[in-house]
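K.L.:
Take this structure first; my questions come after.
In the working numbering, the protein residues as written are 1 to 138.
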């Protein structure tokens, strides 16, 4: 009995969510799907990044540098992206960010040294910062 009530409430909430999603514009749907796919992939890889980087010979300090460099790049470029979006257009900036994200996953997967992982993480955080800025500015 209780299980049936939980199932009905869950199904009702799910159908409301699907209804909301289907009423949205196509661009918004693509953005939501892209963002969710990116975070899904990142969260699948993230727990293993430290293990992989350590196996390639990085120390704990160097591992911290890998993450800090990437997040620092994302933070430092954010203020300039609004200006660039106004000059070039949000679509182009967004696509540049997506391309950088794809390149970062490829470089990370092919890395033979922890130094290359720094490059991959820098590309990831730069691409992440660039890809999310057009979404925030609209």
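Glycine included, C-beta positions come from ideal geometry on N, C-alpha and C. Note that this is a predicted model, so its numbers are computed, not measured.
Could you give the first and the last residue of the continuous alpha helix (DSSP H) run that contains residue 1?
P.N.:
From DSSP, residue 1 is part of no alpha helix (DSSP H); its letter is neither H nor E.
K.L.:
Tell me, to the nearest whole angstrom, how far the beta carbon of residue 142 is from that of residue 56; I am working on the premise that it is less than 8 angstroms.
P.N.:
The chain is shown only over 1 to 138; residue 142 falls outside these bounds and no answer can be derived.
K.L.:
Would you identify the three-state DSSP class for residue 76, choosing helix, strand or coil?
P.N.:
Helix.
K.L.:
For the alpha helix (DSSP H) containing residue 23, name the first residue and the last one.
P.N.:
Taken as a continuous stretch (DSSP letters only), residue 23 belongs to no alpha helix (DSSP H), as it is neither H nor E.
K.L.:
With distances taken between CB atoms, is the gap from residue 131 to residue 73 smaller than 9 angstroms?
P.N.:
No, these two residues do not count as a Cβ contact at 9 angstroms.
K.L.:
Between which two residues does the alpha helix (DSSP H) containing residue 97 stretch?
P.N.:
Counting along the chain, the alpha helix (DSSP H) containing residue 97 begins and ends at 90 to 110.
K.L.:
Given this structure, state the Cα-to-Cα distance separating residue 104 from residue 21, to the nearest angstrom.
P.N.:
If I take the Cα positions, the gap works out to 30 angstroms.
K.L.:
Do you know how far the Cα of residue 91 is from the Cα of residue 49?
P.N.:
Residue 49 and residue 91: Cα-Cα distance of roughly 30 angstroms.
K.L.:
Keeping to the same chain, check which residues put their C-beta closer than 7 angstroms to that of residue 107; ignore five residues upstream and five downstream.
P.N.:
Cβ neighbours of residue 107 beyond the five flanking positions: 116, 119, 120, 123.
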